[in-house]
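If you read the protein sequences in the order shown, they are chains A and B.
Mind the numbering: the first sequence is residues 1 to 484 in the numbering used here, read in order.
Mind the numbering: the second sequence is residues 1001 to 1508 in the numbering used here, read in order.
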Amino acid sequence: MRTVLTMRMTSVLMCVAFLVGSGMAMERVPDYRELKYPRLRDIQVPEVERVTLANGMQLFLLEDHELPLIYVSAMIRTGSIYEPADKVGLASLTGTVLRTGGTTSRTGDEIDEQLEQIAASVETGIGRSSGSAYMSVLKEDIDTGLPILADVLMNPAFRQDKIDLAKVAARTSIARRNDNPNAIASREYAKLIYGTGSVYARHTEYATLDSIARDDLVAFHRRFYHPNNVMLAVWGDFETKKMVARIEDAFRNWRKAQVDVPPVPEVKYEFRSTVNVVVKEDMSQSCIRLGHLGGMMNDPDYFGLMVMNEILGGSFTSRLFKNVRSRQGLAYSVSGVYGADFDHPGVFYASCQTKSQSTVHATEAIIEEIRRMTQEPVTDEELALAKDGFLNSFVFNFESRGEVVTRLMTYAYYGYPADFLQKTKENVEKVTKADVLRVAKAHLRPDTVQILVVGNPEGFDRPLSTFGDVKTIDVAIPQPAQGQ
Amino acid sequence: MRCSIVRRVGPAALLAMLFIAATMRGQDLAGFEKRLTEFTLDNGLKFLILERHEVPIVSFHTYADVGGVDTVTGITGMAHLFEHMAFKGTRTIGTKDYTAEAAAMAKMDELFDAIKKEKRKIGGPDPQKLKELQDQFDQEGQKAQECIVHDEYEEILTQQGAEGFNAYTSEDATQYIVSLPSNKLELWMMLEADRFAYPVLREFYKERDVVMEERRMMENSPMGRLYEEFQAIAFLAHPYGEGVIGHMSDLQTLTRGEAVAFFRKYYCPSNLTIAIVGDVDPAQVRRLADKYFAGLPSGPKPEPVETEEPPQRGERRVTVEDVAQPVVLIGYHQPNVNHPDSTVLQVISEIIGVGRTARLYKSLVKDKRIAVSANSGPMLNKYPALFMFMAVPATGHTTRECEDAIYAEIEKLKTEPVLPAELAKAKTRSRADVIRQLDSNSGLAAQLTFYEVVTGDWHNLFKQLDQIEQVTAADVQRVAAMYFTTKNRTVGAIETTSGEKPTTGAGI
Chain A
1 MRTVLTMRMT
11 SVLMCVAFLV
21 GSGMAMERVP
31 DYRELKYPRL
41 RDIQVPEVER
51 VTLANGMQLF
61 LLEDHELPLI
71 YVSAMIRTGS
81 IYEPADKVGL
91 ASLTGTVLRT
101 GGTTSRTGDE
111 IDEQLEQIAA
121 SVETGIGRSS
131 GSAYMSVLKE
141 DIDTGLPILA
151 DVLMNPAFRQ
161 DKIDLAKVAA
171 RTSIARRNDN
181 PNAIASREYA
191 KLIYGTGSVY
201 ARHTEYATLD
211 SIARDDLVAF
221 HRRFYHPNNV
231 MLAVWGDFET
241 KKMVARIEDA
251 FRNWRKAQVD
261 VPPVPEVKYE
271 FRSTVNVVVK
281 EDMSQSCIRL
291 GHLGGMMNDP
301 DYFGLMVMNE
311 ILGGSFTSRL
321 FKNVRSRQGL
331 AYSVSGVYGA
341 DFDHPGVFYA
351 SCQTKSQSTV
361 HATEAIIEEI
371 RRMTQEPVTD
381 EELALAKDGF
391 LNSFVFNFES
401 RGEVVTRLMT
411 YAYYGYPADF
421 LQKTKENVEK
431 VTKADVLRVA
441 KAHLRPDTVQ
451 ILVVGNPEGF
461 DRPLSTFGDV
471 KTIDVAIPQP
481 AQGQ
Chain B
1001 MRCSIVRRVG
1011 PAALLAMLFI
1021 AATMRGQDLA
1031 GFEKRLTEFT
1041 LDNGLKFLIL
1051 ERHEVPIVSF
1061 HTYADVGGVD
1071 TVTGITGMAH
1081 LFEHMAFKGT
1091 RTIGTKDYTA
1101 EAAAMAKMDE
1111 LFDAIKKEKR
1121 KIGGPDPQKL
1131 KELQDQFDQE
1141 GQKAQECIVH
1151 DEYEEILTQQ
1161 GAEGFNAYTS
1171 EDATQYIVSL
1181 PSNKLELWMM
1191 LEADRFAYPV
1201 LREFYKERDV
1211 VMEERRMMEN
1221 SPMGRLYEEF
1231 QAIAFLAHPY
1241 GEGVIGHMSD
1251 LQTLTRGEAV
1261 AFFRKYYCPS
1271 NLTIAIVGDV
1281 DPAQVRRLAD
1291 KYFAGLPSGP
1301 KPEPVETEEP
1311 PQRGERRVTV
1321 EDVAQPVVLI
1331 GYHQPNVNHP
1341 DSTVLQVISE
1351 IIGVGRTARL
1361 YKSLVKDKRI
1371 AVSANSGPML
1381 NKYPALFMFM
1391 AVPATGHTTR
1401 ECEDAIYAEI
1411 EKLKTEPVLP
1421 AELAKAKTRS
1431 RADVIRQLDS
1441 NSGLAAQLTF
1451 YEVVTGDWHN
1461 LFKQLDQIEQ
1471 VTAADVQRVA
1481 AMYFTTKNRT
1491 VGAIETTSGE
1501 KPTTGAGI
């Protein structure tokens, strides 16, 4: 504790500061409103070279000569949405062991040594709706790195010891999945929105892991990993023509094949109001999430929703940030975004972390902000802030060449037009206050939200039943079968 | 995030910043020197400008040489709280009527002091009196609120296209960052100068509530709980033992007067360094720096922390009894980043604890399968800190098993010379890691300020290379033997007390 003397002294200092300030500030500090900005130099959008190889593999190439480095990023049409319900975790294991399990001609450990000696990396994985592979090498090592990447994609050996190792890691993350309250909130919220068994919400259990065998990995790879099912983005310090020849050579033994990739599963959602709690008695703070299903990026309302997101909860200047954090001091972390995905509806959720004693109050404050969004138009200033912010920062979409080329590949992967970014800009420019209100009314349902709180109800300001019947979600982890 | 707390521990990406190999050095140092302009204003404010013209954008990095380490018992958390306050505007930005606002804030400060005094009364506060004071405090708060133009400072930059607009407080530093389209250079110069010339700590008492929530987030994470306990026992005397976030009781009692005094002491121009990287003309930056920053009143560079950590007399150990799964941290006291042994420790870390072919990964994860991760990293700090090890046990295995396996690898470092191939690999990887980090404006700005302030010269970003190249197997052995002793060790572990707590609906 400071002494009284010190406190007095500092108050005196402060008063002096105020006196000095009020007289001088106006002359000394020019007004930012009077600044004239020079016109921003035109952005040179680098031209990406697109090539399709004879075996069907699609390449996106962009030279970047600033540093002596070369990168490859691949997308493979696959995903955990295609794994059977009793083998959840298969896609993820396949994606991991593809690299760690080595190839028919070298073990994973040998690959580790080879790569680390030249400070290179090759990594693979499989996510929800795509597989990925990544390579980074110093330019002079391209003829070591690229053949390893190709070998891993074409000839993985899925050695049993590395499957076992990956299972140790997977089991350990199951055991640890309730340690972090935010992780619980995001996992359980997805189940509320998509349904427990949905491919967009389900997760690995000991039982599903135990049912996965090496043959499953081999078959999963064989089903999806064919050149005509792969896109590669390549950027760095190379000459495009020579790089295409190198890639052709590295993948020369990979033949086109019939690949049957089913369409992405659809989402059925019925709007409903629910109140859910996960009890964690060790918590002094609640993790709150509430909302409902979101949308897709190919919805014509997407651009209006982007502007709405900025105003509602997507930034440091959003309403949620201002009112829940800055004005009321209720939370450090608060946000709210109507989520849109490329190929399936995302989730709309607002979230915050607040002390147990303000749980219900903060929840009400968040719902109120969502409701206000649907009831009255945003102000001219809010609209201008959101649109100008987006348009003025548009140039950052071209900050790195890697970003430019991987964005183009991602659009192609999901069947979006190559100029989708440019279209987004043009459409955001057109968004009006009426549009924001219209899309908010059409897409936000503040009166039918699902509420999830992870926390300790004994400390709550009021019972959660304020919002309706409360369902307690049991997050106890189903234990592995005997003998595991 | 705004004010998330960065600790310079561990992650390979951060450690790698320190390395660069000789082959890189020739071409790139020359290239850098050509593109880098530095100058210091008369008031002591230093600028580093690096030109990168490909895209019309620019990153700004203001490095204040003050962090958690400078906020002693009683005002712990102040460096970080001030960082939050630096977004609240100035005497002209964020207010409709500064005079009225200042008067209301001054009354709030007096009332806050009176409330504190009342609460401290022997025999307890008079509830009636306390309520009156609190009501008056709220009324004055309301008056101040009415003068405020909310969030104006943040909105100006956001509207003009800011990216990565944020700030961070660590043990050693407080860093303010933003990137803008390059035609907004003058706007940034004007606003940044204004906020460090005439900051107004408005909404102070509300922002403390926000910081308390930030503290609770840390407390509600198992790693946060462990690290706080670990830090506290690792340091007996040095303020690195206190977390940057501050103790809850200090946060509850910090005053705006204390924050103003803190600002006056630590935010004088001689204690600030600014890096600007991107599409700018250094001559124009110089003109604008003279125009906007030259008026910042100079002040003496604050004295460094003089408290030194005394040698440890024996191993220290803390066990956090927790519902979470086990984790173990091991720390050995080591010298600061400018000591020659720091370079050797960085090489040691590459060999033992970074990557898939590192010794810890091979032993604990691949071979014994007792851990799912096992890493090491030296803290690259201004004052002597710790060389850290961390292991996450695999299910069914214990922190003790992980500790023993780590100690076995440490013993090998002391008794057997590392292989030439291992040493070469560590050097190559370090070099490449640095090259990979030279491609972003904001990353470069961060590195330039770190090297300039903490090591005294930005050139060390490259000169480190020579030192790395010179590290020998004998150095590794000597340094491992010197620092990695039982007596110099602190161990912190989470031990699971009751497995998973039952999840019942009690109390709803």
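Cβ coordinates follow ideal geometry from the N, Cα and C atoms, glycine included.
Between which two residues does the beta strand (DSSP E) harbouring residue i extend?
i, result
"Asp341 (chain A)", "334-341"
"Ser1059 (chain B)", "1057-1064"
"Glu1155 (chain B)", "Per DSSP, Glu1155 (chain B) belongs to no beta strand (DSSP E); it is in the alpha helix (DSSP H), 1152-1159."
"Ala1424 (chain B)", "No beta strand (DSSP E) contains Ala1424 (chain B), which is instead part of the alpha helix (DSSP H) from 1420-1436."
"Ile247 (chain A)", "Here Ile247 (chain A) belongs to no beta strand (DSSP E); instead the alpha helix (DSSP H) covers 240-250."
"Asn1375 (chain B)", "1371-1378"
"Asn55 (chain A)", "Looking at the DSSP string, Asn55 (chain A) is not in any beta strand (DSSP E), and its letter there is neither H nor E."
"Cys352 (chain A)", "345-355"
"Gln450 (chain A)", "450-455"
"Tyr1332 (chain B)", "1327-1333"
Which same chain residues, not among the five before or five after residue i, have their C-beta less than 6 angstroms away from its C-beta?
i, result
"Gly1068 (chain B)", "Ala1079, Glu1171, Val1244"
"Ile367 (chain A)", "Pro446"
"Val48 (chain A)", "Phe60, Leu62, Val405, Leu408"
"Thr1497 (chain B)", "Glu1321"
Return the CA-CA distance between residue i and residue j, expressed in angstroms with no decimal places.
i, j, result
"Gly295 (chain A)", "Ile126 (chain A)", "23 angstroms"
"Lys268 (chain A)", "Leu192 (chain A)", "12 angstroms"
"Thr1040 (chain B)", "Phe1047 (chain B)", "6 angstroms"
"Ala1162 (chain B)", "Ser198 (chain A)", "38 angstroms"
"Lys1145 (chain B)", "Cys1402 (chain B)", "Per the sequence shown, the amino acid found at residue 1145 (chain B) is Gln instead of Lys. Distance between the alpha carbons of Gln1145 (chain B) and Cys1402 (chain B): 55 angstroms."
"Ser1342 (chain B)", "Tyr1383 (chain B)", "12 angstroms"
"Thr1357 (chain B)", "Leu1419 (chain B)", "13 angstroms"
"Arg1313 (chain B)", "Ala1234 (chain B)", "12 angstroms"
"Thr196 (chain A)", "Arg202 (chain A)", "6 angstroms"
"Arg177 (chain A)", "Ala183 (chain A)", "7 angstroms"
"Ser318 (chain A)", "Thr1158 (chain B)", "11 angstroms"
"Gly89 (chain A)", "Glu399 (chain A)", "36 angstroms"
"Phe1087 (chain B)", "Arg128 (chain A)", "39 angstroms"
"Gly1074 (chain B)", "Arg1286 (chain B)", "40 angstroms"
"Met243 (chain A)", "Val137 (chain A)", "14 angstroms"
"Arg1317 (chain B)", "Gly1492 (chain B)", "6 angstroms"
"Leu1191 (chain B)", "Leu1288 (chain B)", "12 angstroms"
"Lys1463 (chain B)", "Pro1302 (chain B)", "28 angstroms"
What are the start and end residues of the alpha helix (DSSP H) that includes residue i?
i, result
"Arg1489 (chain B)", "Per DSSP, Arg1489 (chain B) belongs to no alpha helix (DSSP H); it is in the beta strand (DSSP E), 1489-1496."
"Asp1322 (chain B)", "Asp1322 (chain B) -> not in any alpha helix (DSSP H); beta strand (DSSP E) instead, spanning 1316-1322."
"Ser490 (chain A)", "Chain A is shown only over 1 to 484; residue 490 (chain A) falls outside these bounds and no answer can be derived."
"Phe420 (chain A)", "420-430"
"Arg462 (chain A)", "Premise fails: Arg462 (chain A) is in no alpha helix (DSSP H) and is neither H nor E."
With burial defined as no fewer than 16 other Cβ atoms inside 10 Å of the residue's Cβ, what is the status of residue i: buried or exposed?
i, result
"Ile311 (chain A)", "buried"
"Gln353 (chain A)", "buried"
"His1053 (chain B)", "exposed"
"Ile1122 (chain B)", "exposed"
"Glu381 (chain A)", "exposed"
"Ala434 (chain A)", "exposed"
"Phe271 (chain A)", "exposed"
"Pro262 (chain A)", "exposed"
"Gly415 (chain A)", "exposed"
Whose C-beta lies closer than 7 angstroms to the C-beta of residue i among residues of the same chain, with five residues either side of it excluded?
i, result
"Gly1164 (chain B)", "Ile1177, Val1178, Ser1179, Ser1442"
"Phe460 (chain A)", "Ser356, Thr359, Val360"
If I'm right that residue i touches residue j with Cβ under 8 angstroms, what's the distance once you round it to whole angstroms?
i, j, result
"Asn309 (chain A)", "Ala365 (chain A)", "Contact flag wrong, Cβ pair sits at about 18 angstroms."
"Gln450 (chain A)", "Gly291 (chain A)", "7 angstroms"
CB-CB under 8 angstroms to residue i, same chain, minus the five flanking residues each way: which ones, in chain order?
i, result
"Val277 (chain A)", "Leu452, Val453, Val454, Gly455, Pro457, Leu464, Val470, Lys471, Thr472, Ile473"
"Asn1183 (chain B)", "Pro1056"
"Lys139 (chain A)", "Pro68, Leu69, Ile70, Gly236, Asp237, Phe238"
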